[in-house]
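Undergrad: Pasting a structure below so you can have a look.
In the numbering used here, the protein residues as written are 47 to 323.
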């Protein structure tokens, strides 16, 4: 069977993009996740690796874009059921779901795939290998910003410095974010003992980068203001996207947040009522 016969074309509603990481094989790579909409019901899909900053401009995409892309199963040993390797030069943007009207065009897809809690997602991972999910935390107890090394370690610097002979190099070097970000929360689950999870959303890293030039204390205040007070504020119906790590599949991290205004249920359209194109 030829490689092309192993490929399939999928349509994906992009929900998360993790902050880029150095890679000895790909120079740098991004993990993208979202929902397949070419299936009978929406199903999770992970696209990795995506050398996003090396993509041609017309192939770059944002959260809540709908893309069409050819994919195949990973050959790297990633056995997670949602994981696929994208054929990057096949990426095509074909639609977008805006945040207007209380995010009503996005809500129906989230409602179809959300689980009751992070505890439930962990149970599903143990039972059937589920590695992606979205849930509503019952109670947010903390958002922490912890200093880390200001520069990439030697191995990662070497990976970034080796370049990629098949692609143009990014215009700017990949900046390391010198902080880790963690949310602590409780689930609405009688067995929950609490969770403290790293948030690796690219948007969070970009929020920090955009404050360059300000005093560090002010930069931290602005990150807190957005990611604690706004994203998780009392007027928001905050959900977290979570995914596990390929090598340590019982370990999950937060990939992003879904934080629409607290909705009026009667205003939420059904998926078949939406116009993606």
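We treat Cβ as the ideally placed atom computed from N, Cα and C, and that holds for glycine.
Since the structure is predicted, the reported quantities are computational estimates derived from the model, not experimental observations.
According to DSSP, residue 64 sits in a beta bridge with which residue or residues?
TA: By one-based count along the chain shown, residue 64 stands at place 18. Beta-bridge pairing links residue 64 to 247.
Undergrad: Where in the region 120-184 do unbroken runs of the alpha helix (DSSP H), each at least 4 residues long, occur, reported from the N-terminal end onward?
TA: DSSP runs (the alpha helix (DSSP H)) wholly in the region 120-184: 146-149, 153-159, 164-174.
Undergrad: Give me, in chain order, the residues of the same chain whose beta-carbon lies closer than 8 Å to that of residue 66; leave out the 5 immediate sequence neighbours on both sides.
TA: Locating residue 66 in the chain shown gives position 20, where the first residue counts as 1. Within the same chain, residue 66 has close Cβ partners 74, 75, 76, 98, 99, 220, 248.
Undergrad: How about residue 191 and residue 231: are their beta carbons less than 7 Å apart?
TA: Residue mapping note: residue 191 aligns to position 145 of the chain shown, counting from 1. Residue mapping note: residue 231 aligns to position 185 of the chain shown, counting from 1. No, they are not a contact pair.
Undergrad: For the ligand ZN, is there a heavy atom less than 6 Å away from the beta-carbon of residue 285?
TA: In terms of ligand content, the structure shown is empty, and the ligand ZN therefore cannot be addressed.
Undergrad: Any chance the region 82-97 sits against the region 154-161, with 3 or more Cβ pairs inside 8 Å?
TA: yes
Undergrad: Label residue 132 either buried or exposed according to how many other C-beta atoms from any shown protein chain fall within 10 Å of its C-beta, with 16 as the threshold for buried.
TA: Locating residue 132 in the chain shown gives position 86, where the first residue counts as 1. Looking at its Cβ environment, which holds 16 or more other Cβ atoms inside 10 Å, residue 132 is buried.
Undergrad: Please name the residue, chosen from 53, 188, 142, 295, that lies closest to residue 83 on a Cα-to-Cα basis.
TA: One-based indexing of the chain shown puts residue 83 at position 37. Checked all of 53, 188, 142, 295; the closest Cα to residue 83 is 142.
Undergrad: Determine the direct distance from the alpha carbon of residue 165 to that of residue 102, and round the result to whole angstroms.
TA: Looking up residue 102 in the chain shown gives position 56. Looking up residue 165 in the chain shown gives position 119. One C-alpha to the other measures close to 39 Å.
Undergrad: Determine, using beta carbons only, whether residue 179 and residue 288 come nearer to each other than 7 Å.
TA: By 1-based counting over the chain shown, the position of residue 179 is 133. By 1-based counting over the chain shown, the position of residue 288 is 242. Taking 7 Å as the Cβ cut-off, residue 179 and residue 288 qualify as a contacting pair.
Undergrad: Secondary structure at residue 93, three-state DSSP: helix, strand or coil?
TA: As a first step, residue 93 is located in the chain shown; it is residue number 47 there, counting from the start. Strand at residue 93.
Undergrad: Pick helix, strand or coil for residue 110, following the three-state DSSP scheme.
TA: Taking the first residue of the chain shown as 1, we reach residue 110 at position 64. Three-state result, residue 110: coil.
Undergrad: Pick from 181, 196, 147, 126: whose alpha carbon is nearest that of residue 173?
TA: Counting from one through the chain shown, the residue named residue 173 turns up at place 127. Residue 126 is the option with its Cα nearest to residue 173.
Undergrad: Given a cut-off of 7 Å, decide if residue 307 and residue 281 are closer than it, judged by their beta-carbon atoms.
TA: Stepping through the chain shown from its first residue, residue 281 is reached at position 235. Stepping through the chain shown from its first residue, residue 307 is reached at position 261. Yes, the Cβ-Cβ distance between residue 281 and residue 307 is below 7 Å.
Undergrad: At what residues does the beta strand (DSSP E) containing residue 74 begin and finish?
TA: Here residue 74 refers to the residue found at position 28 when the chain shown is read from its first residue. Here the beta strand (DSSP E) through residue 74 covers 73-82.
Undergrad: Extract the residue ranges of the beta strand (DSSP E) inside the region 238-293, only unbroken runs of 3 or more that lie entirely within it.
TA: 241-244, 285-290
Undergrad: Once the 5 residues before and after residue 189 are set aside, which same chain residues still bring their CB inside 8 Å of it?
TA: As a working mapping, residue 189 is identified with position 143 in the chain shown. So the qualifying residues of the chain are 227, 228, 229, 230, 270, 273, 274, 278.
Undergrad: Measuring only the C-alpha atoms, how far is residue 71 from residue 95?
TA: Counted from its first residue, the chain shown places residue 71 at position 25. Counted from its first residue, the chain shown places residue 95 at position 49. Between residue 71 and residue 95, the C-alpha separation is close to 10 Å.
Undergrad: For residue 140, does the count of other Cβ atoms within 10 angstroms reach 16, so buried, or fall short, so exposed?
TA: Counted from its first residue, the chain shown places residue 140 at position 94. Exposed is the call here.
Undergrad: Nearest-angstrom Cα distance between residue 311 and residue 104?
TA: Taking the first residue of the chain shown as 1, we reach residue 311 at position 265. Taking the first residue of the chain shown as 1, we reach residue 104 at position 58. Confidence at residue 311 is low in this model, with a pLDDT of 49, below 50, so the placement of that residue should be treated as unreliable; the coordinate-derived value is given next. In a straight line, the C-alpha of residue 311 is about 36 Å away from that of residue 104.
Undergrad: Ignore the nearest five residues each way along the sequence and tell me which others in residue 331's own chain have a CB closer than 6 Å to its CB.
TA: With the chain running from 47 to 323 in the structure shown, residue 331 is simply not present.
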